[in-house]
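Here's the structure, in structure tokens; my notes come after.
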Amino acid sequence: RQVNVDVTISNPTLQAKKKIEAEITKAIKANVDEKIDVKINLKVEKAAPKEDPNLIRGKEIPNIKNIIAVASGKGGVGKSTVTSNLAVTLAKMGFSVGVLDADVYGPS
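When you line the sequence shown up against this note's numbering, it's residues 1 to 108, in that order.
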């Protein structure tokens, strides 16, 4: 007696394939028949591409090409100093610069 199992996984590593094969074989032999022949056909499909983490969500802001965020979860670490120095340096390099300083409160 033989059972064929078709499985599709997204992790292409040999370790993942071996683990899936072992777990399926163990489950079938434990729940169906210890003497059954288990044949596993593994197919690897690429996971859906992840969304670009740098993509700005929401409406596009006219005439804004780049956004640089300076942030910290703690006060008094020099965010304003870094921001102003960065803005001055970029302006000296010929870039148009704008600074928005906002305090965001909420649960951490």
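Backbone N, C-alpha and C fix where the C-beta goes; we use that ideal spot for every residue, glycine too.
Please report the distance separating the alpha-carbon of LEU90 from that of ASN66.
12 Å
Quick check on the DSSP output: the alpha helix (DSSP H) that includes ASN31 runs from which residue to which?
14-31
Are the CB atoms of VAL38 and THR25 nearer to each other than 8 Å?
yes
Proximity winner among PRO53, GLN2 and GLU60, relative to GLU34 (alpha-carbon distances)
GLN2
For ASN41, which of helix, strand or coil comes out of DSSP?
strand
When you compare the CB positions of VAL82 and VAL70, do they come within less than 8 Å of one another, or not?
yes
Of the listed residues GLY73, LYS74, VAL99 and SER72, nearest to ASN85 (C-alpha basis)
VAL99
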